[in-house]
Every structure is written in C-alpha cells, then in structure tokens.
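One structure is given here, and the rest of the page talks about it.
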Amino acid sequence: SKMGRAIVSNSSMQLLLKQSSSAVDVLGDVFKLTEEERKRLANFPVGQGLFFAGQNHVHIQIIASDTENGLITTNPQATLQQAAAAAAEEQT
Numbered sequence: 366s367k368m369g370r371a372i373v374s375n376s377s378m379q380l381l382l383k384q385s386s387s388a389v390d391v392l393g394d395v396f397k398l399t400e401e402e403r404k405r406l407a408n409f410p411v412g413q414g415l416f417f418a419g420q421n422h423v424h425i426q427i428i429a430s431d432t433e434n435g436l437i438t439t440n441p442q443a444t445l446q447q448a449a450a451a452a453a454e455e456q457t
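Read in order, the letters of the sequence shown correspond to residues 366 to 457 in our numbering.
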C-alpha cells in the first residue's frame with residue numbers, strides 16, 4: 366500500500382527475514398533487491414536476513430541468547446522442553 370511504502374521509505378534501517386516467494390516479488394520491487402538477494406530472502410534459515418542501512422544491503426545473522434530464545438521461540442518442541450524444565454525446577 367502507499368502508506369506501507371511511505372513508512373518503509375522513511376525508516377533509516379530495515380531488516381528483512383525469510384519471506385514467502387510471493388512476498389519476495391513485492392519486496393524485491395520495493396527494496397530494489399538483486400536476483401541473488403531475492404533468492405536468499407526466500408531461503409534464509411531462522412535468524413538470517415538482509416539488513417538495510419541507507420543504500421547498503423548486508424546479509425546478517427542474529428543469534429539470540431538462551432533467555433531471548435526462551436521468550437521468542439515458536440518451535441513446539443522447544444516450548445515443551447521449556448515447560449518440562451520449569452516443572453522440574455518447581456519440584457526441587
């Protein structure tokens with residue numbers, strides 16, 4: 366939308382993480398991504414993305430601390446492990 370483009374263009378920095386193929390097409394036009402950046406954006410693993418500061422585009426890897434990971438994970442297995450660890454800690 367026009368409002369969305371205005372918000373993006375007024376931001377001095379942007380961070381793009383993995384996107385669906387259909388979103389990559391739109392974002393590629395908005396951010397003027399190269400073909401290589403478009404391919405990467407559709408295939409990044411968790412924690413990797415593209416960071417934009419002005420005209421500079423760089424590949425970035427974000428590594429969360431254990432505490433941060435515990436707060437933000439959406440991995441069902443990790444969530445179950447956290448719940449089990451919390452229950453075990455309560456019993457001691």
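All residues carry an ideal CB built from backbone N, CA and C; glycine is no exception.
Beta-carbon gap between G414 and L382 smaller than 8 Å:
Within the sequence shown, numbered from 1, the residue matching residue 414 stands at position 49. Within the sequence shown, numbered from 1, the residue matching residue 382 stands at position 17. Yes, Cβ-Cβ distance for G414 and L382 is below 8 Å.
So the candidates are S386, S385, A443 and L392; which of them puts its Cα closest to the Cα of R370?
For the purposes of this step, residue 370 is taken as residue 5 along the sequence shown, with counting starting at 1. Among S386, S385, A443 and L392, the Cα nearest to that of R370 belongs to L392.
Consult DSSP for G393 and reduce its assignment to one of helix, strand or coil.
Position 28 of the sequence shown holds residue 393. If DSSP states are grouped into helix, strand and coil, G393 belongs with the helices.
Close-in-space but distant-in-sequence residues of the same chain around F416 (CB under 6 Å, 5 per side omitted):
To locate residue 416, count along the sequence shown from 1; it is residue 51. Cβ neighbours of F416 beyond the five flanking positions: L380, V423 and I425.
Just to confirm my understanding: we take Q384, look at its own chain, exclude 5 residues before and 5 after, and list those with CB closer than 8 Å. What are they?
Locating residue 384 in the sequence shown gives position 19, counting from the first residue. Correct list, in chain order: L392, L406 and A407.
Helix, strand or coil at L459 [DSSP, three-state]:
As displayed, the chain neither begins before 366 nor continues past 457, which places residue 459 out of reach and without an answer.
With a threshold of 16 other CB atoms inside 10 Å of the CB of L398, please say whether the residue is buried or exposed.
Here residue 398 refers to the residue found at position 33 of the sequence shown. Flag for L398 reads buried.
Given T444, which residues of its chain have a CB within under 8 Å of its CB, disregarding the five upstream and five downstream residues?
Within the sequence shown, numbered from 1, the residue matching residue 444 stands at position 79. Once the five neighbours on either side are set aside, the close Cβ partners of T444 are T438.
heavy atom of the ligand MN below 7 Å from E433 C-beta
For the structure depicted, the ligand MN is absent and the ligand set is empty, with no information on it obtainable.
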